[in-house]
Every structure is written in C-alpha cells, then in structure tokens.
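Visitor: First the structure, then my questions, so here it is.
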Amino acid sequence: MASSKSVQPRRLGPEEDEADPSGVQTTVTTRLLRADSESDSGRWTGVDDFEGLPWWRKPSVLWLLGPFSLFTLAFGGTIVPKLNLVLDLVCRRYYADQSTLLAVGVDNPMCRTPEVQKDVATFLLVINLVTGGLSAIVAPKLGHLSDRHGRRKLLALASCGGLLGEIITVLAAKFPDTVDYRWLVLGAFFDGMTGSFTAGSILSQSYTSDCTPPSRRAVSIGYIQACLFMGLAFGPLLSGYFVKWTGSLLSMFYVAICCHAFFVLFAGFVMPESLSKKRQIAAREKWKRAQEALGTAGVFSWLSVVKKSNPFIPLRMLWPTGWGTSTRLRLNLLALAICDAIFLGVAFAVGPVLMLYAESMFHWGNFETSRFVSILSLTRVFVLMGLLPLINYIGRVRPAARRQKLFGTAPVEKNAGADGLDIWLLRFALIFEVIACVGYTLARDENSFVASGLVTALGGLGSATTQAAVTKHMPPELVGQMLGAIGMLHALSRIVGPVVFSGLYAATVKTFPQAVFLALGGLFAFALVITLVIRPHVHWHESVEEQPRPQPRGLYSTIVQSLPVDEDQVRLQ
Numbered sequence: 031m032a033s034s035k036s037v038q039p040r041r042l043g044p045e046e047d048e049a050d051p052s053g054v055q056t057t058v059t060t061r062l063l064r065a066d067s068e069s070d071s072g073r074w075t076g077v078d079d080f081e082g083l084p085w086w087r088k089p090s091v092l093w094l095l096g097p098f099s100l101f102t103l104a105f106g107g108t109i110v111p112k113l114n115l116v117l118d119l120v121c122r123r124y125y126a127d128q129s130t131l132l133a134v135g136v137d138n139p140m141c142r143t144p145e146v147q148k149d150v151a152t153f154l155l156v157i158n159l160v161t162g163g164l165s166a167i168v169a170p171k172l173g174h175l176s177d178r179h180g181r182r183k184l185l186a187l188a189s190c191g192g193l194l195g196e197i198i199t200v201l202a203a204k205f206p207d208t209v210d211y212r213w214l215v216l217g218a219f220f221d222g223m224t225g226s227f228t229a230g231s232i233l234s235q236s237y238t239s240d241c242t243p244p245s246r247r248a249v250s251i252g253y254i255q256a257c258l259f260m261g262l263a264f265g266p267l268l269s270g271y272f273v274k275w276t277g278s279l280l281s282m283f284y285v286a287i288c289c290h291a292f293f294v295l296f297a298g299f300v301m302p303e304s305l306s307k308k309r310q311i312a313a314r315e316k317w318k319r320a321q322e323a324l325g326t327a328g329v330f331s332w333l334s335v336v337k338k339s340n341p342f343i344p345l346r347m348l349w350p351t352g353w354g355t356s357t358r359l360r361l362n363l364l365a366l367a368i369c370d371a372i373f374l375g376v377a378f379a380v381g382p383v384l385m386l387y388a389e390s391m392f393h394w395g396n397f398e399t400s401r402f403v404s405i406l407s408l409t410r411v412f413v414l415m416g417l418l419p420l421i422n423y424i425g426r427v428r429p430a431a432r433r434q435k436l437f438g439t440a441p442v443e444k445n446a447g448a449d450g451l452d453i454w455l456l457r458f459a460l461i462f463e464v465i466a467c468v469g470y471t472l473a474r475d476e477n478s479f480v481a482s483g484l485v486t487a488l489g490g491l492g493s494a495t496t497q498a499a500v501t502k503h504m505p506p507e508l509v510g511q512m513l514g515a516i517g518m519l520h521a522l523s524r525i526v527g528p529v530v531f532s533g534l535y536a537a538t539v540k541t542f543p544q545a546v547f548l549a550l551g552g553l554f555a556f557a558l559v560i561t562l563v564i565r566p567h568v569h570w571h572e573s574v575e576e577q578p579r580p581q582p583r584g585l586y587s588t589i590v591q592s593l594p595v596d597e598d599q600v601r602l603q
C-alpha cells in the first residue's frame, strides 16, 4: 500500500484496460497521447487542440472553399481550350510533315480529317494514361504521408504539377516550332507525379474530415464537390467569353497559371494546418514503431521488398486486419469503396458518351451541349449546397437538439461509423441513378432526356455521403491513408471507365446506342445491392498508438497502469 500512496495513478477507461493488461509497459508519451485520444472518451476531438487560438489559425472547411473554387474554375475553363489547342498542335505537325504550314489557334477544316482526329485521340489517350497511372501510384502515398506531416503543404504540392503542366502547354503553343507538342507528355508527367487532381481531391477531403464533426461531414464534403461542379458549370462558359474578349486561345491558360499559383501560395503559407503538432507526432511515432516491429521480426527480406514495390498495396486499407478491426468493418469499407468507385468512374466515363449520344440523337450543337452540361452541373450544386444541408438539419441537427432539450445534456460528436441516414441517403441516390439510366434509354425527345439528366443530379448525394461515411469508420490518424486508397480507385476509374464505356458505345452505336445506358443502370443496380451489406455504427476500434509490446517485468518493478486506483479495486484484488 505504501507504493500506491507514493504514486498518483490515473483512472483507466475500459478500452485501456483491454489494451494494456498487467505486465505491459508504455512510455510517458504514449500515456499522454492516450489520455487525449478519441479512443478513450469516444468523443470527436478534431478541433480541441486549436481552442484559444485566433480565428486565422483555426482550420475550417471555409478556408478551402474560395481557393478551391478558383482552382476548379481554372480546371473547368481549360478543358475545351486544351482540347482545341492539342488539336491545332497535332494538326500543325501533321501537315508540317507534308510541307503545309498552319497557324495555331485558327479553326481549320483540314484539322477535321479522320487521320488528324485519330492522331489527336491517340495523343490524348497517352496523356490520360500518364497522368492517371502516375496519380494512381502517388496519390495514396501523399494521403498516407499527410497523416504524419499534415495536409496543407502536400495540398500545395499537388497543385505544383498542374502549374508546371500549364507552363509547358503555354510554351508549346507560344513556340510550336521550338517546343514540340509531344512535350505536353512531360507536363502530364509532372501533373501525375504530384498526384494530379486526384491527390488534390483526397487531401481536401482529409482536411475537411479533420476539422468537421461527423454529423456535418457529409455536408462539408458536399460543399467541396459543389465547388467542383460549379467550376465545370461556369468554367467553360467564362473561358469562351474570355477567349472571345481577348482574341487569344492562350489567354485562358495564363489565367489558369495564375489560379494554380494562387492556390499553391495560399495552401502553403496562409491556410492553417488541420492536423495539430500533437496528432502529427502521434502518427509519426506509430509509424516508427510499426517499422521497428518489422525490423525486429526480420521481415526486411527480398520478399518484403517485392511486396512493398507492389503499386496496389495501398488497397489493403480497404480490407484491414489486426487490432481493432472486424469482419463487419471490412465489409462496410469494401462496399463503400466499390460504390464510390462506381460513382466517380461513371462520372468520368459517361460525360463524353452522353454528349456524343445527344448530339447524334437530337442533332445538338456546341451551344445545346454546353447548356445541357451547365444545367446538370448547376443542379448538382443546388443539391449539394441546398438539399443535402437541409436533409442533414432535419435528420441530425433537430433530433440532437430535441434530445438536448429533453435530457439536458449536449450531444457528443463521435466517429462511430456510418449512421442510418448515411446508408439510406446512399441507397436513395443509387435508386435515382438507376431511374435516370432507364430514362436515358427510353427518352426519344429532348425534354425527356434533360429530365433524366436532372434526376442524375440527385445522385450527387451519394458521392458526398459515401466519402464522409468512409472517414467515420476510421481513426483520425488513418483518414489520409484510407482516402489515399480511395484515391487510387478514383485514378484507376479515370483510366478504365472511359475506355470501357466509350468502347461499348463505339461497338453498339450503329445497332443499339442505348446499350451503354443499360450497362450504367446495371452497374448502379449492382452498387445498390452491395449497400445491403452495410451496417450502421461500425468503426475501427484503434487508439493513436499500436498495441504496446509486452516488456519483461523485474522482481521489484512497478507498473503505473497495474496499480489499484481506489479501495474497491484493492478489495477486488
């Protein structure tokens, strides 16, 4: 009893009693980290480390919305000009080999020949493969790295590749006789090596998850996605007017360079970091212990080197094993990842096919097609920024307020997995997508086709809900790594989706062009069936540190965690 009086023990929670049985020795650092971790209290503590700081040093999703909107406007505004610029450069090189000179930036009927179109399609495929392939490898690594070193600087790095790519594009267009258009592949290489848009997206979502409570996470991620659709809606429109006003196709690329540079500077030097130093140190210590454990086990063999070189190794996060995991957790994560990959893969794949089908079926031109895309994008913005917050308020905020009024206790924010509202929102979004695909298949007039497109906008609820639900399953120190694995699926979807669905449309366009919409509907129906395995309130029960390793106890050693903390424990012992 004398020893118990000389030591002021700390009362242990139930999770600690299981994780630290008698005979386990932990460091002072890990005990302090455990005292503040979510696993002890079950409470979300994302912004507790920033209490007392001025507003300009507190992370918030609002810091992202303005710069990210500019970034997406530049992204959307350069889609059409870059396509036309590549067409001009490839066409100029094609006829230069035949001793025919063409000017850059001038619409020429000679560039519409099948031979030139084939070269352009092949070159664009190479660029997409380089960017998509590299970003599939780099984006998960950046996501994992951001868990240990913060989101802010890596978010700035992700935009540096796009900045270099746009500079190379301007040089190739400004000096076509000196800088061959094939140098654009180098720009795609730079973009892919910094993770491209995929890394920017997952790091933005990681930042949002860090500073947004679970009850509002889907809404905040919806705001980020709304910025993307706003850029896709207004970017091409502003680009067209800007090019017409300046009379130069390159003017939009100068604007894009300025937007990229502003985003890099703002994210790197102005925006506050969402991960506190304490959480970064905890994540680095955990990673270091994991590496030391591998070294102690003697697994640094040639086989382990081969396994580490496997580019698909980040996908292991979708089927986690070990301490704190369960079969139900694995099924939830895998189902959510598949649904999210289908949402994004279809978004990238169906766009060109949808426009080609509409132009062929209804004889639309550039104006009608651009108007259709803008209407769909603006409807998605309304759904994500208006309808989703309203649903969240009715389904979460008001019930929590009623419980607080009834019981007199404030609601506690927890990372406790997806709730019932998340699951049903995902299912309803997939049902709307299936209905829209059936509508596309049966539509024989413009109004029915546009109405089906508006129904797909309600499917935008699914993507934001899915990505928010994934983060609710994870400990805070693993959010970046998990979203990195999701980012790999996104990058692979950007490669595989357009190839599969464009190929299907090309094969059936003469016989049954609606076949691609039936395939899309079947894919969404498959995702709807998968959601039946998702269960609410399942999450990863893991603290900031790994299970501590047993240490040999001396005959007279004293373990603080094993000391009795009150008289009841003394009597029980």
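Each residue of the sequence shown is one higher than the one before, counting from 31 in my numbering. A virtual CB, placed ideally from N, CA and C, is assigned to each residue, including glycine.
Does the stretch 338 to 347 come into contact with the stretch 539 to 550, if we say contact requires no fewer than three beta-carbon pairs (one atom in each stretch) closer than 8 Å?
Guide: Contact between the stretch 338 to 347 and the stretch 539 to 550 is absent, because fewer than three Cβ pairs lie under 8 Å.
Visitor: Between R524, F554 and S281, which has its C-alpha nearest R457's C-alpha?
Guide: The residue you call residue 457 lines up with position 427 of the sequence shown. It is F554 whose Cα lies nearest to the Cα of R457.
Visitor: So is A537 buried or exposed if we call it buried at 16+ other beta carbons inside 10 Å?
Guide: Against the sequence shown, residue 537 aligns to sequence position 507. By the neighbour-count definition (other C-beta atoms within 10 Å, threshold 16), A537 is an exposed residue.
Visitor: Report the rounded CA-to-CA distance for T561 versus I525, giving the unit in angstroms.
Guide: Numbered from 1 along the sequence shown, position 531 holds the residue referred to as residue 561. Numbered from 1 along the sequence shown, position 495 holds the residue referred to as residue 525. Near 25 Å, if we compare the C-alpha coordinates of I525 and T561.
Visitor: Tell me which residue opens and which closes the alpha helix (DSSP H) that L562 is part of.
Guide: For the purposes of this step, residue 562 is identified with residue 532 of the sequence shown, where counting begins at 1. Segment: none, L562 is in no alpha helix (DSSP H) and carries neither H nor E.
Visitor: Beta-carbon within less than 8 Å of D240's beta-carbon, same chain only, minus the 5 sequence neighbours each way: which residues are those?
Guide: On the sequence shown, position 210 is the one that residue 240 refers to. The answer, listed in chain order, is G76, P89, R181, S304, L305, P506 and V509.
Visitor: Relative to the C-alpha of L488, which candidate in V500, L455 and K502 has its C-alpha closest?
Guide: Translated into positions along the sequence shown, residue 488 becomes position 458. The option with the nearest alpha carbon to L488 is L455.
Visitor: Taking only the alpha-carbon atoms, compute the straight-line gap between S234 and A248 and give it to the nearest angstrom.
Guide: Numbered from its first residue, the sequence shown carries residue 234 at position 204. Numbered from its first residue, the sequence shown carries residue 248 at position 218. For S234 and A248, the distance between alpha carbons rounds to 13 Å.
Visitor: Would the beta-carbon of P243 fall within 9 Å of that of M391?
Guide: Here residue 243 refers to the residue found at position 213 when the sequence shown is read from its first residue. Here residue 391 refers to the residue found at position 361 when the sequence shown is read from its first residue. One thing to note: P243 has its Cβ no nearer than 9 Å to the Cβ of M391.
Visitor: What residue ranges within the stretch 467 to 541 form continuous beta strand (DSSP E) runs of no fewer than 3 residues, ordered along the chain?
Guide: none
Visitor: If you follow the alpha helix (DSSP H) that M391 is in, where does it begin and where does it stop?
Guide: Mapped onto the sequence shown, residue 391 falls at position 361. Going by DSSP, M391 is part of the alpha helix (DSSP H) stretching over T357 to F392.
Visitor: May I have the straight-line CA-CA distance separating E389 from M347, to the nearest angstrom?
Guide: Position 359 of the sequence shown, counting from 1, holds the residue named residue 389. Position 317 of the sequence shown, counting from 1, holds the residue named residue 347. If you take the alpha carbons of E389 and M347, they lie about 42 Å apart.
Visitor: List, from N- to C-terminal side, the alpha helix (DSSP H) runs of 4 residues or more that fit wholly inside the stretch 204 to 256.
Guide: As far as the stretch 204 to 256 is concerned, its whole alpha helix (DSSP H) runs of at least 4 residues are 214 to 223 and 226 to 241.
Visitor: Determine contact between the stretch 509 to 522 and the stretch 415 to 433, defined as no fewer than three beta-carbon pairs at a distance below 8 Å.
Guide: In short, these stretches do not touch, since the Cβ pair count stays below three.
Visitor: Between V156 and P429, what straight-line distance do the alpha-carbon atoms span, to the nearest angstrom?
Guide: The residue given as residue 156 occupies position 126 in the sequence shown. The residue given as residue 429 occupies position 399 in the sequence shown. Each residue's Cα considered, the two are about 52 Å apart.
Visitor: For Q581, which three-state DSSP category applies?
Guide: As a working mapping, residue 581 is identified with position 551 in the sequence shown. Low confidence applies here, because Q581 scores a pLDDT of 43, under 50, leaving its location unreliable; read the following figure in that light. It is coil, neither helix nor strand.
Visitor: Can you check whether the CB of G483 is closer than 9 Å to the CB of L451?
Guide: As a first step, residue 451 must be located in the sequence shown, where it is residue number 421. As a first step, residue 483 must be located in the sequence shown, where it is residue number 453. Not a contact, by the Cβ cut-off of 9 Å.
Visitor: Give the secondary structure of D342 by DSSP, where H, G and I count as helix, E and B as strand, and everything else as coil.
Guide: If you number the sequence shown from 1, residue 342 lands on position 312. A quick correction: the sequence has Phe, not Asp, at residue 342. Residue state, collapsed to three classes: coil.
Visitor: In the DSSP assignment, the alpha helix (DSSP H) including D118 goes from what residue to what residue?
Guide: Counted from its first residue, the sequence shown places residue 118 at position 88. Looking at the DSSP string, the run of the alpha helix (DSSP H) that includes D118 is I109 to A126.
Visitor: For the alpha helix (DSSP H) containing S281, list its first residue and its last residue.
Guide: Locating residue 281 in the sequence shown gives position 251, where the first residue counts as 1. Note, S281: alpha helix (DSSP H), S281 to L295.
Visitor: Within this structure, are the beta carbons of V273 and Y211 separated by less than 9 Å?
Guide: Stepping through the sequence shown from its first residue, residue 273 is reached at position 243. Stepping through the sequence shown from its first residue, residue 211 is reached at position 181. Contact: no.
Visitor: A466 to A473, Cα distance in whole Å?
Guide: Residue numbering aside, residue 466 sits at position 436 when the sequence shown is read from its first letter. Residue numbering aside, residue 473 sits at position 443 when the sequence shown is read from its first letter. Each residue's Cα considered, the two are about 10 Å apart.
Visitor: Ignore the nearest five residues each way along the sequence and tell me which others in A371's own chain have a CB closer than 6 Å to its CB.
Guide: Numbered from 1 along the sequence shown, position 341 holds the residue referred to as residue 371. Closer than 6 Å at the Cβ level, and outside the excluded window around A371, lie L519 and S523.
Visitor: Contact defined as beta carbons within less than 8 Å: I believe T355 pairs with W570. What is the distance between those atoms, to the nearest angstrom?
Guide: Against the sequence shown, residue 355 aligns to sequence position 325. Against the sequence shown, residue 570 aligns to sequence position 540. Right, the Cβ-Cβ distance comes to about 6 Å (below 8 Å), so this counts as a contact.
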